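S.K.:
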Amino acid sequence: MEQMSTLPTHVSIIMDGNGRWAKRLGKDRLEGHKEGIESVRACIELCVELKIKYLSIFAFSTENWGRPTAEIEGLWALMIKALRAELKTMMKNNVRLVILGDLSQLGEELRAEIDHCMTESKNNTGTTVIVLLNYSGKWDIVQAANRFIKENPGKEMTAEDVDNYLITAQVPDPDLLIRTSGEQRISNYMLWQCAYTEFYFTETLWPDFRKSEFRLALDAFSHRERRYGKV
Ligand code: FPP
Numbered sequence: 291m292e293q294m295s296t297l298p299t300h301v302s303i304i305m306d307g308n309g310r311w312a313k314r315l316g317k318d319r320l321e322g323h324k325e326g327i328e329s330v331r332a333c334i335e336l337c338v339e340l341k342i343k344y345l346s347i348f349a350f351s352t353e354n355w356g357r358p359t360a361e362i363e364g365l366w367a368l369m370i371k372a373l374r375a376e377l378k379t380m381m382k383n384n385v386r387l388v389i390l391g392d393l394s395q396l397g398e399e400l401r402a403e404i405d406h407c408m409t410e411s412k413n414n415t416g417t418t419v420i421v422l423l424n425y426s427g428k429w430d431i432v433q434a435a436n437r438f439i440k441e442n443p444g445k446e447m448t449a450e451d452v453d454n455y456l457i458t459a460q461v462p463d464p465d466l467l468i469r470t471s472g473e474q475r476i477s478n479y480m481l482w483q484c485a486y487t488e489f490y491f492t493e494t495l496w497p498d499f500r501k502s503e504f505r506l507a508l509d510a511f512s513h514r515e516r517r518y519g520k521v
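Going letter by letter, the sequence shown gives residues 291 to 521 in this note's numbering.
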């Protein structure tokens, strides 16, 4: 399966099942998130190897604020650590990092790390890794509409305007959306952008989703026939 016939330009992933992975092993939920970061690393590596242009991952939804404070704080700490540890490798692999979402509610330290990594990697031309943080699809559509109204008073919004005002404007729509852990729903993620996206669901929990699992998803995608509403 080394040379895949049709590779997606943009793969997006709803990483799910970290908590259940930890629970199965009698560990703290944060251990699941920690192991989940290893899966993120493996997936980025495969995208770099296969020259997949865009990989986006749903790291924290606007609904995730409802989790226990200790878990949320722990997640921020893990993200800060991961960003610090991985920047060098990302630079070596020509990876551009883009973090999108409502970042205003994040802590100072995390925001500074995000700024640093985005600035350092902004001219890299290989895989673009997009991390959706404090993001939701409905939030994105509402912010797009509000910004459009403010900037274009009295004008009607077209579908192209929506594309251009979404926070993901610089990124093509996902060709393939993967969700792990057996859940088969979109959970308020890229609602507009997934209009013609192929979905791939797997029972595998996110911390177990490594390169071989990712390859299975890419292989399944290569056999899909995309018709975009035509015959
Ligand atoms: C879903 O599992 C996972 C999350 C909400 C967090 C995912 C975040 C990471 C893996 C960190 C990414 C870090 C960087 C730097 C990009 P869950 O907790 O909902 O699992 P459960 O449904 O089994 O409880």
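We treat Cβ as the ideally placed atom computed from N, Cα and C, and that holds for glycine.
Keep in mind the model is a prediction, meaning the values are calculated, not measured.
What residues in its chain sit with their C-beta under 8 Å from that of Thr299, if we drop five residues either side in the sequence?
M.R.: Result list for Thr299: Ile342, Lys343, Tyr344, Pro462 and Asp465, in chain order.
S.K.: Using alpha carbons as the reference points, say which of Ala510, Ser502 and Arg469 lies closest to Trp496.
M.R.: Among Ala510, Ser502 and Arg469, the Cα nearest to that of Trp496 belongs to Arg469.
S.K.: Between Leu508, Asp498, Arg514 and Ile476, which lies nearest to Phe348 when the distance is taken from Cα to Cα?
M.R.: The shortest Cα separation from Phe348 among Leu508, Asp498, Arg514 and Ile476 belongs to Ile476.
S.K.: Would you call Met305 buried or exposed, if buried means 16 or more other Cβ atoms sit within 10 Å of its Cβ?
M.R.: It counts as buried.
S.K.: Distance, Cα to Cα, Tyr490 vs Leu506?
M.R.: Cα to Cα, Tyr490 sits roughly 10 Å from Leu506.
S.K.: Locate the alpha helix (DSSP H) running through Thr299, then write down its first and last residues.
M.R.: Premise fails: Thr299 is in no alpha helix (DSSP H) and is neither H nor E.
S.K.: Check this for me: beta carbons of Lys428 and Asn478, under 9 Å apart or not?
M.R.: Contact: yes.
S.K.: For Arg517, write down the residues that DSSP places opposite it in a beta bridge.
M.R.: Bridge partners of Arg517: none, in fact.
S.K.: The alpha helix (DSSP H) that contains Ala349, what's its start and end?
M.R.: Counting along the chain, Ala349 falls outside any alpha helix (DSSP H), though it belongs to the beta strand (DSSP E) covering Tyr344 to Ser351.
S.K.: Which whole-angstrom value describes the C-beta separation of Asp498 and Trp311, a residue pair presumed to lie in contact below a C-beta threshold of 8 Å?
M.R.: Contact holds; Cβ gap of about 7 Å.
S.K.: Sorted by chain position, which residues of the same chain lie with C-beta nearer than 6 Å to Thr487's C-beta, five sequence neighbours on each side aside?
M.R.: Around Thr487: Pro464 and Leu467.
S.K.: Thinking just about the alpha-carbon of each residue, which of Leu368, Ile431 and Gly472 is nearest to the one in Tyr455?
M.R.: Closest by alpha carbon: Ile431.
S.K.: Where does Phe491 sit, in a helix, a strand or coil, going by DSSP?
M.R.: Note: Phe491 maps to strand in three-state DSSP.
S.K.: What do you reckon, is the C-beta of Ile476 under 8 Å from a heavy atom of the ligand FPP?
M.R.: For the ligand FPP, not one heavy atom lies less than 8 Å from the Cβ of Ile476.
S.K.: What residue range is occupied by the uninterrupted beta strand (DSSP E) comprising Ile468?
M.R.: Leu466 to Arg469 is the extent of the beta strand (DSSP E) around Ile468.
S.K.: Helix, strand or coil for Leu481, going by three-state DSSP, please let me know.
M.R.: The answer is coil: DSSP assigns Leu481 none of H, G, I, E or B.
S.K.: Out of Met380, Ile370 and Val521, which has the shortest C-alpha to C-alpha gap to Gly416?
M.R.: Nearest option by C-alpha distance: Met380.
S.K.: Once you ignore the five residues that flank Met291 on each side, which residues in its own chain have a CB closer than 7 Å to its CB?
M.R.: Below a pLDDT of 50, predicted positions are generally treated as unreliable, and Met291, at 47, falls in that range; no measurement from the model is reported.
S.K.: Would you kindly work out how many angstroms separate the C-alpha atoms of Pro443 and Arg437, rounded to a whole number?
M.R.: So the two alpha carbons sit approximately 10 Å from each other.
S.K.: Could you check what DSSP says for Lys388 in three-state terms: helix, strand or coil?
M.R.: Here the sequence assigns Val to residue 388, which means Lys is not the residue at that position. In this structure, Val388 counts as strand in the three-state DSSP scheme.
S.K.: Which first and last residues belong to the alpha helix (DSSP H) in which Leu340 is found?
M.R.: Note, Leu340: alpha helix (DSSP H), Arg319 to Leu340.
S.K.: Between which two residues does the beta strand (DSSP E) harbouring Asn308 extend?
M.R.: Counting along the chain, Asn308 falls outside any beta strand (DSSP E), though it belongs to the alpha helix (DSSP H) covering Asn308 to Arg314.
S.K.: Taking 9 Å as the cut-off, decide whether the C-beta atoms of Ser346 and Val452 are in contact.
M.R.: Their beta carbons are not under 9 Å apart, which means Ser346 does not touch Val452 by this criterion.
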